[in-house]
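Visitor: Just so you know, the sequences run in chain order G and S. Residue numbering for the first sequence follows the working numbering, starting at 1 and increasing by one per position. Residue numbering for the second sequence follows the working numbering, starting at 1001 and increasing by one per position.
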Amino acid sequence: MNLVTDLIKDLANQHGRSRENLLPILQGVVEQEKYLSEFSMIEIARELDLPASEVYGTATFYSFLEHKKMGTYIIRVCKTITCSMKGKNQILLAIEDMLKIHLGETTGDGRFSLLETNCLGWCHKAPAMLINDDVYTELTPERIREILSDYMKK
Amino acid sequence: MVTNYQLKRVDFIFRNENDYEDVLSKTIARKPQELINELISSELKGRGGAGFPTGLKWKLSSESKADEKYVICNADEGEPGTFKDREILSKVPFKVLTAMAVCGHVIGAKRGFIYLRGEYKYLKPELEKAISEFAYYCKEIKFDFSIHIFMGSGAYICGEETALFESMEGKRGEPRNKPPYPTNSGYMNKPTVINNVETLAHTFTIFKYGAKRFYDLGVQYSRGSKLFSVSGDTPKPGIYELELGMSLADFVDEFGDGDTKAVQVGGASGFLVPRKKFDVTAIGYQGKLTGISLPTGGSMMLFNSSRSMYNVLDNYLEFFREESCGQCTPCRVGCQQLIKGIKAVKRGEKNAKYLDKLLRLTETMQLTAKCGLGQSVANSFSSIVENFREEMIY
Chain G
1 MNLVTDLIKD
11 LANQHGRSRE
21 NLLPILQGVV
31 EQEKYLSEFS
41 MIEIARELDL
51 PASEVYGTAT
61 FYSFLEHKKM
71 GTYIIRVCKT
81 ITCSMKGKNQ
91 ILLAIEDMLK
101 IHLGETTGDG
111 RFSLLETNCL
121 GWCHKAPAML
131 INDDVYTELT
141 PERIREILSD
151 YMKK
Chain S
1001 MVTNYQLKRV
1011 DFIFRNENDY
1021 EDVLSKTIAR
1031 KPQELINELI
1041 SSELKGRGGA
1051 GFPTGLKWKL
1061 SSESKADEKY
1071 VICNADEGEP
1081 GTFKDREILS
1091 KVPFKVLTAM
1101 AVCGHVIGAK
1111 RGFIYLRGEY
1121 KYLKPELEKA
1131 ISEFAYYCKE
1141 IKFDFSIHIF
1151 MGSGAYICGE
1161 ETALFESMEG
1171 KRGEPRNKPP
1181 YPTNSGYMNK
1191 PTVINNVETL
1201 AHTFTIFKYG
1211 AKRFYDLGVQ
1221 YSRGSKLFSV
1231 SGDTPKPGIY
1241 ELELGMSLAD
1251 FVDEFGDGDT
1261 KAVQVGGASG
1271 FLVPRKKFDV
1281 TAIGYQGKLT
1291 GISLPTGGSM
1301 MLFNSSRSMY
1311 NVLDNYLEFF
1321 REESCGQCTP
1331 CRVGCQQLIK
1341 GIKAVKRGEK
1351 NAKYLDKLLR
1361 LTETMQLTAK
1371 CGLGQSVANS
1381 FSSIVENFRE
1391 EMIY
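1. Tell me, to the nearest whole angstrom, how far the beta carbon of S/His1105 is from that of S/Ile1036; I am working on the premise that it is less than 8 angstroms.
2. Whether or not the stretch 140-148 of chain G and the stretch 1090-1106 of chain S are in contact is what I'm after, with contact meaning three or more pairs of Cβ atoms, one per stretch, closer than 8 angstroms; do they touch?
3. Identify the contact partners of S/Thr1205 in chain G, using a Cβ-Cβ distance below 9 angstroms as the criterion.
4. If you draw a straight line from the alpha carbon of G/Thr58 to that of G/Glu38, how long is it in whole angstroms?
5. Exposed or buried, which one is G/Ile74 when buried takes at least 16 other CB atoms within 10 Å?
6. Any Cβ of chain S within less than 8 angstroms of the Cβ of G/His102?
7. If you run the structure through DSSP and keep just helix, strand and coil, what is S/Leu1317?
8. Less than 6 angstroms between C-beta atoms, sequence neighbours within five positions excluded: which residues of the same chain meet that for S/Ala1201?
9. Excluding the 5 residues preceding and the 5 following S/Tyr1137 in the sequence, name in chain order all residues of the same chain whose CB lies nearer than 7 angstroms to its CB.
10. S/Val1345 and S/Met1300 - do their beta-carbons sit closer together than 8 angstroms?
11. Consider the Cβ of S/Val1265: report whether some Cβ of chain G lies at a distance smaller than 8 angstroms.
12. For a quick check, are the C-beta atoms of S/Glu1161 and S/Asn1074 less than 8 angstroms apart?
13. In this structure, how does DSSP classify S/Ala1268 when only helix, strand and coil are distinguished?
14. Using a Cβ cut-off of 8 angstroms, which residues of the stretch 118-136 of chain G contact any Cβ in chain S, in chain order?
15. At what residues does the beta strand (DSSP E) containing G/Asp134 begin and finish?
16. Locate the alpha helix (DSSP H) running through G/Met98, then write down its first and last residues.
17. Among S/Gly1238, S/Arg1086, S/Ala1282 and S/Thr1329, which has the Cα closest to the Cα of S/Asn1196?
18. Along chain S, in chain order, which residues have C-beta atoms closer than 7 angstroms to that of G/Asn21?
19. Report yes if the C-beta distance between G/His15 and G/Leu36 is below 8 angstroms; otherwise report no.
20. Using a C-beta to C-beta distance shorter than 8 angstroms, which residues of chain S count as neighbours of G/Thr58?
21. So with Cβ pairs under 8 angstroms, would you call G/Ser84 a contact of chain S?
22. Establish whether the CB of G/Lys69 and some CB of chain S are separated by less than 8 angstroms.
23. Between S/Ser1121 and chain G, is any beta-carbon pair separated by less than 8 angstroms?
24. Comparing C-alpha positions only, which one of S/Lys1343, S/Lys1370 and S/Ala1268 sits nearest to G/Cys119?
25. Kindly indicate the opening and closing residues of the alpha helix (DSSP H) around G/Arg76.
26. Would a check of beta-carbon distances place G/Ile91 closer than 8 angstroms to chain S?
27. What is the residue span of the alpha helix (DSSP H) that G/Ile81 lies within?
28. Which class does S/Tyr1394 belong to by DSSP, given the choice of helix, strand or coil?
29. Give the straight-line distance between the Cα atoms of S/Ala1282 and S/Arg1213, rounded to the nearest whole angstrom.
30. Closer than 7 angstroms by C-beta to S/Leu1289: which residues in its own chain qualify, once you throw out the five before and the five after it? Chain order, please.
31. For G/Leu115 and S/Phe1207, I'd like the C-alpha separation in whole angstroms.
32. Answer with yes or no whether the minimum CB distance from G/Gln27 to chain S is below 8 angstroms.
33. By a C-beta neighbour count over all protein chains shown, 10 Å radius and 16 as the cutoff for buried, is S/Arg1117 buried or exposed?
34. Relative to the C-alpha of S/Gly1186, which candidate in S/Ser1132, S/Ala1163 and S/Thr1205 has its C-alpha closest?
35. So is S/Lys1357 buried or exposed if we call it buried at 16+ other beta carbons inside 10 Å?
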């Protein structure tokens, strides 16, 4: 048995197999796998007895449900107005410089992906970013170097 | 001057009151009708931004006949510049849970959900702890009401109530046609009360202290206090609870950096107010007596003279273009064309008159878009373009 298939079965057992359980199942797969492969989406469709197109349509609607392979740590830098005013571009440059990737890319070792996202709700402590589910605020290029070197040691 | 109102700080929401058990048991001992009347007389309006009277919402749901009803707390706080709901959920979660349970008692619902945006996933463990403590107390007093968290996954539009229901039902977060309204047909097509986090927290205050305490704050049509999320060019960004009805001039005196050029009230979907209109603008819901009165979900972003309003508008439009659900044409195509349009004017490919064409496009969007997202693009667009036209061109 494939690992993802097992995971999907477990999630369906845990949440249920009705349509309203689709989002928690998609989220569960993304939590483990970091993204939804075509294979996962078809398996979820099979498990919930839904057309695969419906699963695909739902999954691709949500910006946190990635459908392209992502790194272990997904960095999402807030680009909405206040963060953008308070130096978001310098933060991006510092991250790009340190990880040697551009926005939208994943490092060669598959550990980090760099994305932008819309308002994270930390405008009073801008600029802000998420690494997976954890939030970091009042960022400076120095802070970025500290935070990322901690992650690199993990 | 719209009003002689001074800025008044209030401390209701975050006041630490470790007595939710007491408030809950006392409140659910009262009749639903009595609680609805209390809420109506407080004149509390929805704090998410739309400002629908909360008492009326509860009343309509309570009158709907159905075998199952739901209470939903909308914690999909995605409006740029808003961050108060996160603070409420992490500092005073029991007020929100208590209010949800009271609402369940009033309308006859046994289940409640908190729709928490994916960006706030780090709040989930603590919130779950609070919910299980709360559930334990409900069991103790034999009150049948359960609360669950439903996680969002990064979609601004899911803050729109009907899109939120679609999302909870496992679908794309695309808004529904209204009517039917949620009070008749909401989540799973059952009568649903859906309230913003802050609105629920205010009902706690009202049920504990009585409607009068709340009603005595604020001005006509805009009663009570409200949390404001202050950010941008200000020496003291943060969350402040203030009485409604203050003039923007007073607000800027308190929070500005001395060089405030404009304030965006209500986030990207709100209005930009230029310096010359600070005096005549009040913060509150539309009323007959006031001049310009701006409702808001509490997002107040200040810009000083170093900021380019073109960049601000470009940032908002980019936001809307990405967050538009794509379902209706006016919004999907409109947002794309507005961005293309202002860029073309800036580059000199189109002359300045083209801005008037774009303004007409936003009017069309306001009339024809299916939901609040597409309709409100016109707010920031017209208020920025009309007041800072030269910055759009040169």
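Each residue gets a CB set at the ideal place from its N, CA and C atoms; glycine is no exception.
Guide: Put simply:
1. Sequence index remark: in the second sequence, residue 1105 of chain S carries index 105 (1-based). Sequence index remark: in the second sequence, residue 1036 of chain S carries index 36 (1-based). Incorrect: roughly 11 angstroms between the Cβ atoms, too far for contact.
2. Taking a contact to require three or more Cβ pairs closer than 8 angstroms, the stretch 1090-1106 of chain S and the stretch 140-148 of chain G do not qualify as touching.
3. As a first step, residue 1205 of chain S must be located in the second sequence, where it is residue number 205. Neighbours of S/Thr1205 on chain G: none; closest Cβ ~23 angstroms, over 9 angstroms.
4. Residue numbering aside, residue 58 of chain G sits at position 58 when the first sequence is read from its first letter. Residue numbering aside, residue 38 of chain G sits at position 38 when the first sequence is read from its first letter. One C-alpha to the other measures close to 13 angstroms.
5. Taking the first residue of the first sequence as position 1, residue 74 of chain G is located at position 74. It counts as buried.
6. Translated into positions along the first sequence, residue 102 of chain G becomes position 102. No, no contact with chain S.
7. Within the second sequence, numbered from 1, the residue matching residue 1317 of chain S stands at position 317. Helix at S/Leu1317.
8. Locating residue 1201 of chain S in the second sequence gives position 201, where the first residue counts as 1. Take S/Ala1201, set aside five residues on each side of it, and the residues of its chain with a beta-carbon closer than 6 angstroms to its own are Ile1013, Ile1088, Lys1095 and Val1096, in chain order.
9. For this step, residue 1137 of chain S is matched to residue 137 along the second sequence. Correct list, in chain order: Glu1021.
10. Start at 1 with the first residue of the second sequence, and residue 1300 of chain S comes out as number 300. Start at 1 with the first residue of the second sequence, and residue 1345 of chain S comes out as number 345. Taking 8 angstroms as the Cβ cut-off, S/Met1300 and S/Val1345 do not qualify as a contacting pair.
11. In the second sequence, counting from the first residue as 1, residue 1265 of chain S sits at position 265. Taking Cβ atoms only, chain G never reaches closer than 8 angstroms to S/Val1265, which makes this a no.
12. By one-based count along the second sequence, residue 1161 of chain S stands at place 161. By one-based count along the second sequence, residue 1074 of chain S stands at place 74. Cβ atoms of S/Glu1161 and S/Asn1074: closer than 8 angstroms.
13. Taking the first residue of the second sequence as position 1, residue 1268 of chain S is located at position 268. In this structure, S/Ala1268 counts as helix in the three-state DSSP scheme.
14. For the stretch 118-136 of chain G, residues whose beta-carbon sits nearer than 8 angstroms to a beta-carbon of chain S comprise Asn118, Cys119, Leu120, Gly121, Trp122, Cys123, His124, Lys125, Ala126, Leu130, Asp133, Asp134 and Val135.
15. For the purposes of this step, residue 134 of chain G is taken as residue 134 along the first sequence, with counting starting at 1. Asp134 to Tyr136 is the span of the beta strand (DSSP E), which, as asked, contains G/Asp134.
16. Counted from its first residue, the first sequence places residue 98 of chain G at position 98. G/Met98 -> alpha helix (DSSP H) spans Lys88 to Leu99.
17. For this step, residue 1196 of chain S is matched to residue 196 along the second sequence. Among S/Gly1238, S/Arg1086, S/Ala1282 and S/Thr1329, the Cα nearest to that of S/Asn1196 belongs to S/Arg1086.
18. The residue you call residue 21 of chain G lines up with position 21 of the first sequence. In chain order: Gly1170.
19. Along the first sequence, one-based indexing puts residue 15 of chain G at 15. Along the first sequence, one-based indexing puts residue 36 of chain G at 36. No, Cβ-Cβ distance for G/His15 and G/Leu36 is not below 8 angstroms.
20. By one-based count along the first sequence, residue 58 of chain G stands at place 58. In chain order: Gly1170, Lys1171 and Arg1172.
21. Within the first sequence, residue 84 of chain G is the residue found at index 84, counting from 1. At least one chain S Cβ lies under 8 angstroms of G/Ser84.
22. The residue given as residue 69 of chain G occupies position 69 in the first sequence. By this cut-off, G/Lys69 is not an interface position.
23. Position 121 of the second sequence, counted from the first residue, corresponds to residue 1121 of chain S. Residue identity differs from the one stated: residue 1121 of chain S is Lys in this sequence, not Ser. Yes, S/Lys1121 lies at the interface with chain G (some Cβ there is under 8 angstroms from its Cβ).
24. The residue labelled residue 119 of chain G in the question sits at position 119 within the first sequence. Among S/Lys1343, S/Lys1370 and S/Ala1268, the Cα nearest to that of G/Cys119 is on S/Ala1268.
25. The residue labelled residue 76 of chain G in the question sits at position 76 within the first sequence. It is not in any alpha helix (DSSP H) - G/Arg76 instead sits in the beta strand (DSSP E) that spans Tyr73 to Cys78.
26. Counted from its first residue, the first sequence places residue 91 of chain G at position 91. So no, G/Ile91 is outside the interface.
27. Walking along the first sequence from the start, residue 81 of chain G turns up at place 81. From DSSP, the alpha helix (DSSP H) with G/Ile81 extends over Ile81 to Met85.
28. The count along the second sequence starts at 1 and reaches residue 1394 of chain S at position 394. DSSP places S/Tyr1394 in coil when its eight states are reduced to three.
29. Residue mapping note: residue 1282 of chain S aligns to position 282 of the second sequence, counting from 1. Residue mapping note: residue 1213 of chain S aligns to position 213 of the second sequence, counting from 1. Looking at the two C-alpha atoms, the distance is approximately 22 angstroms.
30. Along the second sequence, read from residue 1 onward, the residue named residue 1289 of chain S stands at position 289. The pLDDT assigned to S/Leu1289 is 44, lower than 50, so where the model puts this residue is not dependable, and the model offers no usable value.
31. Taking the first sequence and counting its residues from 1, one reaches residue 115 of chain G at position 115. Taking the second sequence and counting its residues from 1, one reaches residue 1207 of chain S at position 207. Using only the alpha carbons, I get a separation of about 45 angstroms.
32. Locating residue 27 of chain G in the first sequence gives position 27, counting from the first residue. Chain S, which has a Cβ nearer than 8 angstroms to the Cβ of G/Gln27, makes this yes.
33. Against the second sequence, residue 1117 of chain S aligns to sequence position 117. That one is buried.
34. Taking the first residue of the second sequence as 1, we reach residue 1186 of chain S at position 186. The shortest Cα separation from S/Gly1186 among S/Ser1132, S/Ala1163 and S/Thr1205 belongs to S/Ala1163.
35. Within the second sequence, residue 1357 of chain S is the residue found at index 357, counting from 1. Under this definition S/Lys1357 is an exposed residue.
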